[in-house]
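Line order of the protein sequences matches chains A and B.
Note that the numbering used here has the first sequence beginning at 1, numbered continuously upward.
Note that the numbering used here has the second sequence beginning at 296, numbered continuously upward.
All C-beta atoms in this analysis are idealised placements derived from N, C-alpha and C, irrespective of residue type, glycine included.
What follows is a set of notes on a single structure, which appears directly below.
Protein chains: 2
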Amino acid sequence: MSSNDMDGFFTHSYIARCATLAMILEVSGTPKPGNIDRDHDYATTKYEDFLASAVGVYPILEKASGEGGIGQLILEACGESVRWQTGGNTHFGAYILLFPLIKAAKQGPVDQIRSNAINIVKETTVDDAVNFYRAFSMVDVRMKSTEDLDASDRELDVSASGSLEELGRRGVTMFDIMQISAKNDMVSREWVDGFRRSFKAADKIFSKRKTGTMNDATVLTYLELLSEEPDTFIAKKYNMEKAVYVQGLAIDVLERRMTLRELSDRLYLEKINPGSTADIIIAGLFIALLNGMRV
Amino acid sequence: MSSNDMDGFFTHSYIARCATLAMILEVSGTPKPGNIDRDHDYATTKYEDFLASAVGVYPILEKASGEGGIGQLILEACGESVRWQTGGNTHFGAYILLFPLIKAAKQGPVDQIRSNAINIVKETTVDDAVNFYRAFSMVDVRMKSTEDLDASDRELDVSASGSLEELGRRGVTMFDIMQISAKNDMVSREWVDGFRRSFKAADKIFSKRKTGTMNDATVLTYLELLSEEPDTFIAKKYNMEKAVYVQGLAIDVLERRMTLRELSDRLYLEKINPGSTADIIIAGLFIALLNGMRV
Chain A
1 MSSNDMDGFF THSYIARCAT LAMILEVSGT PKPGNIDRDH DYATTKYEDF LASAVGVYPI
61 LEKASGEGGI GQLILEACGE SVRWQTGGNT HFGAYILLFP LIKAAKQGPV DQIRSNAINI
121 VKETTVDDAV NFYRAFSMVD VRMKSTEDLD ASDRELDVSA SGSLEELGRR GVTMFDIMQI
181 SAKNDMVSRE WVDGFRRSFK AADKIFSKRK TGTMNDATVL TYLELLSEEP DTFIAKKYNM
241 EKAVYVQGLA IDVLERRMTL RELSDRLYLE KINPGSTADI IIAGLFIALL NGMRV
Chain B
296 MSSNDMDGFF THSYIARCAT LAMILEVSGT PKPGNIDRDH DYATTKYEDF LASAVGVYPI
356 LEKASGEGGI GQLILEACGE SVRWQTGGNT HFGAYILLFP LIKAAKQGPV DQIRSNAINI
416 VKETTVDDAV NFYRAFSMVD VRMKSTEDLD ASDRELDVSA SGSLEELGRR GVTMFDIMQI
476 SAKNDMVSRE WVDGFRRSFK AADKIFSKRK TGTMNDATVL TYLELLSEEP DTFIAKKYNM
536 EKAVYVQGLA IDVLERRMTL RELSDRLYLE KINPGSTADI IIAGLFIALL NGMRV
C-alpha cells in the first residue's frame with residue numbers, strides 16, 4: 001500500500017485518507033476557542049458527530065480525485081455526512097476547499113497543487129453551481145445571502161424561488177458564485193484568491209509541527225489566522241463588529257494580554273464559533289499532510 | 296452511497312468505515328482509565344497516533360471483506376499503520392478481532408455475523424499463522440510468549456529462531472495458535488470462544504447509547520468489562536496479581552467506593568494500561584455500528 005501510484009503521483013486512497021485525517025485533526029485540536037473540539041460539544045452537535053462525518057464521507061473524497069463535478073461532490077458529501085451522525089451540517093465549508101484541492105493533488109506534483117487548484121475552480125460549470133445550491137439548501141448553512149448580493153443579483157439568492165433556473169438562464173458557474181460571495185465569505189475568497197490562506201495555514205502548521213506537538217501546531221495556527229482577519233462565519237451569524245471583536249481577542253492572546261483559556265471560555269460562553277477559520281485549518285492540515293507532515 | 300450493495304449486504308466500504316470509526320470512537324472515549332484517550336497520551340505514543348493509524352489502514356480494512364488471508368491482512372495493516380504515525384504499535388490486538396469480523400460482516404446478514412466469524416477463524420491456515428508471526432515480530436507486542444507454551448511447544452515461541460519453519464512442519468494454523476494463547480490472552484480467547492465478549496460489549500454499548508452519550512456508552516462498557524475479567528495485557532506486562540488488582544478497582548468504581556476519576560488517575564500514575572479490554576471495546580463498537588448504532 002503506497003502513497004504513490006505507478007506514475008509517481010498520489011493514489012486516490014492516499015489523498016482521501018489525508019483529507020479524512022485533516023478533518024479529524026482539526027476537530028481534535030483543543031482548545032480551539034469557540035469551535036467544537038475534543039473537549040467541547042454544542043447542545044445539538046458534538047465532537048463525535050464530526051468524527052463520524054469525516055469517516056463517513058471517505059468514499060466521496062476518494063472518488064473526487066477521479067471523477068465528479070465539484071458541486072455534485074459537495075452535494076453527495078452533505079448527504080452522506082448526515083447518514084453517519086445527527087449533528088447536522090459539520091463540514092460544508094471544508095468541502096468547498098477540499099474538493100478542488102483533492103483534484104489538484106491527483107494532478108500532481110505536490111509543488112503544483114496550488115496552481116492546479118487555481119485552474120480547477122475556474123473550470124467549474126453552471127451544473128456545479130446548481131448542485132452547490134442544492135447542497136446549500138440541504139444543510140441550511142448560516143448565511144445572510146441576500147445581503148451579499150447587489151440588487152440586480154437578488155434572483156440568485158439561494159433561498160429565492162427559481163434561483164436554480166436563474167443560474168442556468170444567466171450562465172452562472174460555481175466560480176462566479178464564489179466571486180460574488182468572496183467579499184463577505186472567507187471560504188469563497190479562497191477560490192478567488194488562489195487558496196492564499198489555506199497554503200499559508202499549511203506552511204504554519206508544517207513548520208510548527210517540526211518543533212511542537214500536532215495539537216499545538218493546529219491550535220496556534222488557528223489563533224494566528226483568527227488574529228489576521230475577522231472570521232466571516234461570525235460576521236454572518238452576528239455582524240462584522242463581533243467578528244472584529246474576536247479578531248482583537250485573538251491578538252490579545254498572541255500578545256499575552258489574555259490567556260488562551262480565557263479566550264476559549266469567553267467564546268463558548270458567548271456562543272461565538274469562528275467556523276470559517278476552522279474550514280481553512282482543515283485545508284491547511286490537508287496540504288501539510290500531502291507535503292509529508294506526520295502527526 | 297448506500298450501506299448495502301445490490302444483494303442487500305453491506306458494501307466493502309461501509310464495513311471498512313464502521314471499522315475505522317470503531318477504532319476512532321474507542322480511543323476517543325474518556326476517561327478510559329489507563330489507556331490513551333483524547334485527554335491522555337503516553338510518553339512515546341499519543342492520541343493522534345491512534346487517529347492517524349485508524350484512518351491510514353482504511354484500504355486494508357476495505358480490501359479485507361473481499362480478499363486476503365487474515366494473517367496477511369494483519370501483516371499489511373501493521374506495516375501501513377506505522378507509515379502514518381510514529382507511536383509504534385497501536386491496534387495489533389484490534390486487528391486480530393476486526394479482520395474475521397469484517398469478513399463475517401460481508402457474508403451477512405447482520406444477525407449471522409457471529410456464526411460467520413466462528414467459521415471464518417476455524418478456516419485459517421498455516422500461511423495465516425506464518426504471516427501472523429511476521430506481524431507479531433514487526434510490532435514487538437508485549438508477550439511473555441514462552442511462558443504460554445508447554446515444553447513441547449517451545450519451538451513455536453514467536454521469538455525462537457526457526458519458529459516460522461516449525462509452524463509449517465507441524466501444520467499449525469492461526470486458529471491453532473489462538474487456541475494455544477487463549478489461556479493467557481483474552482483477545483486470542485475471542486477466537487476460541489465465539490467472540491463472546493466482543494458481542495457482549497456490542498450489546499452493552501448499543502443499549503447504553505440509547506439512553507446516554509456515545510462517550511458514556513464506551514466508557515461504562517469498558518469499566519464493566521474490566522470488572523468482569525482481569526485484563527491479560529496487564530497480566531503479561533506485569534503479572535496476574537496486578538490484573539486482578541485492576542479488576543478489583545473497576546468493581547470499586549461500579550459499586551461507588553471509588554470515583555472513575557480516581558481510578559483513572561491511579562492507573563495513569565502506575566502506568567497500567569488495560570490494552571486487551573480496549574481491543575474488545577473496538578470489536579464491540581464495530582458490531583454496534585453495523586447494527587445501526589449512530590454516534
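I'd like to know if A:Arg38 contacts chain B, where contact means its C-beta is closer than 7 Å to some C-beta of that chain. Residue mapping note: residue 38 of chain A aligns to position 38 of the first sequence, counting from 1. For A:Arg38, the answer is yes, since a Cβ of chain B falls inside 7 Å of its Cβ.
Buried or exposed (CB count within 10 angstroms, at least 16 for buried), B:Ala583: Translated into positions along the second sequence, residue 583 of chain B becomes position 288. Label assigned to B:Ala583: buried.
Do A:Ala77 and A:Ser198 have their C-beta atoms closer together than 7 Å? Within the first sequence, the letter at position 77 stands for residue 77 of chain A. Within the first sequence, the letter at position 198 stands for residue 198 of chain A. Contact: no.
Pull up the DSSP beta-bridge partners for A:Phe195, would you. Along the first sequence, one-based indexing puts residue 195 of chain A at 195. Note: A:Phe195 sits in no beta bridge, so no partner.
Using three-state DSSP, classify B:Phe661 as helix, strand or coil. Any question about residue 661 of chain B goes unanswered here, given that chain B covers just 296 to 590.
List the DSSP bridge partners of B:His386. Within the second sequence, numbered from 1, the residue matching residue 386 of chain B stands at position 91. Answer by DSSP bridge pairing: none, since B:His386 is not bridged.
Measuring straight from C-alpha to C-alpha, what distance separates B:Asp560 and B:Gln474? On the second sequence, residue 560 of chain B is found 265 positions in, with the first residue counted as 1. On the second sequence, residue 474 of chain B is found 179 positions in, with the first residue counted as 1. Their backbone Cα atoms lie some 35 Å apart in a straight line.
Using alpha carbons as the reference points, say which of B:Gly324, B:Val425 and B:Phe581 lies closest to B:Asp471. Stepping through the second sequence from its first residue, residue 471 of chain B is reached at position 176. The residue with the shortest Cα to Cα distance from B:Asp471 is B:Val425.
Looking at the secondary structure, which residues open and close the alpha helix (DSSP H) in which A:Tyr42 lies? If you number the first sequence from 1, residue 42 of chain A lands on position 42. Note, A:Tyr42: premise wrong, no alpha helix (DSSP H); not H, not E.
Residues of its chain near B:Asp574, where Cβ-Cβ distance is below 7 Å and the 5 sequence neighbours each way are ignored: The residue you call residue 574 of chain B lines up with position 279 of the second sequence. These residues qualify, in order along the chain: Gly388, Ala389, Leu392 and Val482.
Return the residues of the region 495-519 of chain B that lie within a Cβ-Cβ distance of less than 8 Å from chain A, sorted by chain order. Thr508, Met509 and Asn510
Among the residues of its own chain, which have a CB less than 7 Å from the CB of A:Phe136, if the five just before and after it don't count? On the first sequence, residue 136 of chain A is found 136 positions in, with the first residue counted as 1. Closer than 7 Å at Cβ, skipping near neighbours: Val158.
Can you pull the chain A residues whose beta carbon is under 8 Å from the beta carbon of B:Thr340, in chain order? Residue numbering aside, residue 340 of chain B sits at position 45 when the second sequence is read from its first letter. Near B:Thr340 there are no residues of chain A at all, since even the closest Cβ is about 11 Å away, more than 8 Å.
Taking B:Arg333 and B:Ser348 to be in contact with their CB atoms under 8 Å, please state how far apart those CB atoms are, rounded to whole angstroms. Stepping through the second sequence from its first residue, residue 333 of chain B is reached at position 38. Stepping through the second sequence from its first residue, residue 348 of chain B is reached at position 53. Not a contact, Cβ separation roughly 15 Å.
Give a yes or no on whether 7 Å exceeds the smallest Cβ distance from B:Glu343 to chain A. Translated into positions along the second sequence, residue 343 of chain B becomes position 48. Taking Cβ atoms only, chain A reaches closer than 7 Å to B:Glu343, which makes this a yes.
Just grab the DSSP bridge partners of B:Asn299 for me. The sequence position of residue 299 of chain B within the second sequence is 4, counting from 1. B:Asn299 pairs with B:Phe305.
Contact with chain A by B:Tyr353, beta-carbon distance below 7 Å: The count along the second sequence starts at 1 and reaches residue 353 of chain B at position 58. It does; some Cβ of chain A falls within 7 Å.
Counting only the same chain and skipping the five closest in sequence on each side, list residues whose C-beta sits under 6 Å from that of B:Ala412. For the purposes of this step, residue 412 of chain B is identified with residue 117 of the second sequence, where counting begins at 1. Cβ neighbours of B:Ala412 beyond the five flanking positions: Pro395, Leu396, Ala399 and Phe490.
What is the rounded straight-line gap between the Cα of A:Thr86 and the Cα of B:Glu460? For this step, residue 86 of chain A is matched to residue 86 along the first sequence. For this step, residue 460 of chain B is matched to residue 165 along the second sequence. Distance between the alpha carbons of A:Thr86 and B:Glu460: 52 Å.
For A:Arg294, return the contacting residues in chain B, with the cut-off set at a CB-CB distance below 8 Å. For the purposes of this step, residue 294 of chain A is taken as residue 294 along the first sequence, with counting starting at 1. Ordered by position in chain B, the residues that pass the 8 Å Cβ test against A:Arg294 are Ala347, Trp379, Gln380 and Thr381.
Give a yes or no on whether 7 Å exceeds the smallest Cβ distance from B:Thr265 to chain A. The requested residue 265 of chain B does not occur in the structure, where chain B is confined to residues 296 to 590.
Using the three-state DSSP reduction, which class does A:Asp265 fall into: helix, strand or coil? By one-based count along the first sequence, residue 265 of chain A stands at place 265. Note: A:Asp265 maps to helix in three-state DSSP.
Cβ pair B:Asp526, B:Ser571 closer than 7 Å: Taking the first residue of the second sequence as 1, we reach residue 526 of chain B at position 231. Taking the first residue of the second sequence as 1, we reach residue 571 of chain B at position 276. Contact flag set, yes.
Excluding the 5 residues preceding and the 5 following B:Asp448 in the sequence, name in chain order all residues of the same chain whose CB lies nearer than 8 Å to its CB. Mapped onto the second sequence, residue 448 of chain B falls at position 153. Ile475, listed in sequence order.
Can you give me the Cβ contacts of A:Glu155 inside the same chain, cut-off strictly under 6 Å, excluding the 5 residues immediately before and after it? Counting from one through the first sequence, the residue named residue 155 of chain A turns up at place 155. For A:Glu155, where only same-chain residues beyond five positions count, the Cβ hits under 6 Å are Glu166.
Looking only at DSSP bridge pairs, what is A:Asp37 linked to? Reading the first sequence from its first residue, position 37 is the one you call residue 37 of chain A. For A:Asp37, which the question treats as bridged, DSSP gives the partners A:His40.
Any C-beta of chain A within less than 9 Å: which residues of the region 317-330 of chain B qualify? Ile319, Leu320, Ser323 and Thr325
So which residues of chain B does A:Ser81 contact, with C-beta pairs closer than 8 Å? Here the question's residue 81 of chain A lines up with position 81 in the first sequence. None at all; the shortest Cβ gap to chain B is about 10 Å.
Given 8 Å as the limit, is there contact between the region 210-224 of chain A and the region 232-246 of chain A, that is, 3 or more CB pairs closer than that? no
Counting only Cβ-Cβ distances shorter than 7 Å, please list the residues of the region 541-575 of chain B near chain A, keeping chain order. none
Using a Cβ-Cβ distance under 7 Å, would A:Arg17 count as near chain B? Counted from its first residue, the first sequence places residue 17 of chain A at position 17. Answer yes: the Cβ-Cβ gap between A:Arg17 and chain B drops below 7 Å somewhere.
Is the beta carbon of B:Glu362 sitting closer than 7 Å to the one on B:Ser308? Residue numbering aside, residue 362 of chain B sits at position 67 when the second sequence is read from its first letter. Residue numbering aside, residue 308 of chain B sits at position 13 when the second sequence is read from its first letter. Contact flag unset, no.
Closer than 7 Å, CB to CB, is B:Ser476 near chain A or not? Locating residue 476 of chain B in the second sequence gives position 181, counting from the first residue. Not one chain A Cβ lies under 7 Å of B:Ser476.
Based on Cα-Cα distance, which residue from A:Lys242, A:Ile70 and A:Leu285 lies nearest to A:Asn273? Your numbering for residue 273 of chain A matches position 273 in the first sequence. With distances taken between Cα atoms, A:Asn273 lies closest to A:Lys242.
Beta-carbon neighbours of B:Ser308, restricted to chain A and to distances below 8 Å: By one-based count along the second sequence, residue 308 of chain B stands at place 13. Simply Tyr58 and Pro59.
Output the distance between the C-alpha atoms of B:Met438 and B:Ser410, rounded to the nearest integer angstrom. Sequence index remark: in the second sequence, residue 438 of chain B carries index 143 (1-based). Sequence index remark: in the second sequence, residue 410 of chain B carries index 115 (1-based). Note on B:Met438: pLDDT 48, under 50, position unreliable in the model; the coordinate value appears next. Cα to Cα, B:Met438 sits roughly 29 Å from B:Ser410.
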